[in-house]
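Numbering (the working numbering), first residue to last: 30 to 350. Idealized CB from N, CA, C, for every residue including glycine. Just so it is clear, the structure is predicted and the values come from calculations on it, not from any experiment. A short worksheet on the structure shown next.
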Ligand SMILES: [Zn+2]
């Protein structure tokens with residue numbers, strides 16, 4: 030090596046260090062609140078499950094739970110060290126890969142709902158997951174944060190090679206505008222969004238009912254209440270399983286702790302609460318591993334009975350189990 034190139038390298042490094050544009054530390058490169066949880070992977074028998082983060086939505090705590098005073102909600106949030114003013118609602122999409130190809134459960138926000146959400150595509154790339162390789166999109170229910178990601182803002186399909194699997198009761202309700210007057214006012218936009226997002230997939234939508242197979246290893250379990258056809262899914266191989274809980278609860282720090290509390294997004298609050306209690310009780314009794322759409326990332330763990338409700342216990346974050 031001669032002296033000349035060595036000097037050049039040194040001069041270049043000095044210039045970079047002096048540049049005002051160059052981040053001085055990792056903190057300036059990734060501001061607090063913008064660091065991205067990305068993906069998390071574990072096995073269920075021969076299946077590989079990956080949870081992928083799509084970002085979050087923030088809303089006031091006030092008005093979120095309909096049937097108890099705000100102070101009660103704030104005090105239960107405080108038990109989990111969560112703030113009492115703003116509620117952060119994360120979005121996490123569950124992928125299942127196996128011998129018969131890739132399945133995704135729900136479709137994310139499609140970067141069309143909040144500036145803090147829409148990271149699914151980038152995080153899928155980080156996880157080595159390709160939308161073109163998805164063979165089935167299995168949908169829990171038709172609220173916007175679960176189906177908007179089926180298509181782009183200009184309504185192109187995001188999953189060009191996928192069959193779309195939907196709960197029959199959910200399809201029946203939201204594809205019939207005649208049900209509009211019998212739906213909560215805040216949810217009436219779901220009719221138009223359903224037509225818009227499923228339209229380009231019209232010829233490859235398949236309906237499933239309670240107990241039917243939605244995808245290889247993925248079985249529908251009716252969990253009506255949050256919406257008329259809200260459905261959760263059992264993902265199983267051999268003697269191992271994980272339950273995708275979708276919106277059985279929103280944040281478990283509220284919904285599992287107090288299953289009888291009814292949130293503003295529940296279509297039928299009484300039915301949602303009864304379903305919530307019944308299925309959380311099953312998950313706790315059978316010690317089932319779960320994933321949840323609005324659970325804190327990586328959105329997988331267990332449910333334990335605790336006092337008047339349940340407690341979410343995150344899985345070992347090393348991914349060792
Ligand atoms: Zn949701």
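Does the stretch 68 to 76 touch the stretch 267 to 275, meaning 3 or more C-beta pairs lie closer than 8 Å? yes
May I have the straight-line CA-CA distance separating residue 52 from residue 66, to the nearest angstrom? Only weak support exists for where residue 52 lies, its pLDDT of 49 falling under 50; the coordinates are left without a value.
CA nearest to the CA of residue 246, picked from 173, 189, 92, 131: 131
Does the stretch 311 to 327 come into contact with the stretch 111 to 122, if we say contact requires no fewer than three beta-carbon pairs (one atom in each stretch) closer than 8 Å? yes
Helix or strand or just coil, what does DSSP make of residue 141? coil
For residue 238, which three-state DSSP category applies? coil
Would you mind listing the alpha helix (DSSP H) stretches within the stretch 292 to 339 that are 4+ residues and don't spill past its ends, in chain order? 298 to 314
Can you confirm whether the stretch 164 to 181 touches the stretch 137 to 152 when touching is taken to mean that 3 or more C-beta pairs between the two stretches lie within less than 8 Å? yes
Counting C-beta neighbours from all protein chains within 10 Å, is the total for residue 169 16 or more, i.e. buried, or is it exposed? buried
Less than 8 Å between the CB atoms is what I'm expecting for residue 243 and residue 262, so what's the real figure, rounded? 6 Å
Could you check where the beta strand (DSSP E) with residue 282 kicks off and where it finishes? Residue 282 -> not in any beta strand (DSSP E); alpha helix (DSSP H) instead, spanning 281 to 284.
Just the Cα atoms here: how many angstroms apart are residue 226 and residue 300? 27 Å
Which residues in the same chain have their Cβ closer than 6 Å to the Cβ of residue 125, if we skip the five residues on either side of it in sequence? 76, 78, 132, 264
Can you tell me which residues form a DSSP beta bridge with residue 98? Looking at the DSSP assignment, residue 98 forms no beta bridge with any residue, so it has no partner.
What does the alpha-carbon distance come out to for the pair residue 80 and residue 276? 15 Å
In chain order, what residues of the same chain lie with their CB nearer than 7 Å to the CB of residue 203, ignoring the 5 residues before and after it? 171, 219, 220, 223
On the three-state DSSP scale, how would you describe residue 67? coil
Excluding the 5 residues preceding and the 5 following residue 109 in the sequence, name in chain order all residues of the same chain whose CB lies nearer than 8 Å to its CB. 282, 286
Within a Cβ cutoff of 6 Å, which residues of the same chain sit near residue 91, ignoring the five residues on either side of it in sequence? 99
Would the C-beta of residue 276 count as close to ligand 1, meaning under 6 Å from any of its heavy atoms? yes
Along the chain, which unbroken stretches of the beta strand (DSSP E) at least 3 residues long are found entirely within the stretch 207 to 274? 234 to 237, 242 to 244, 247 to 251, 260 to 266, 269 to 273
Buried or exposed by the 16-neighbour rule on C-beta atoms within 10 Å, applied to residue 347: exposed
C-alpha distance - residue 250 paired with residue 95, whole-angstrom precision: 26 Å
DSSP three-state assignment for residue 342, whether helix, strand or coil: strand
Residue 177 (DSSP reduced to helix, strand or coil): helix
Suppose you measure from the CA of residue 206 to the CA of residue 259; what does that come to, to the nearest Å? 18 Å
Cα-Cα separation, residue 154 to residue 185: 19 Å
Could I get the ranges of all uninterrupted beta strand (DSSP E) runs contained in the stretch 109 to 162, with 3 residues as the minimum, in chain order? 115 to 127, 130 to 134
Quick one: measure Cβ to Cβ for residue 312 and residue 272, integer angstroms, because I've assumed they're closer than 8 Å. 6 Å
Any idea what DSSP makes of residue 187, helix, strand or coil? coil
From 339, 71, 237, residue whose alpha carbon lies closest to that of residue 309: 339
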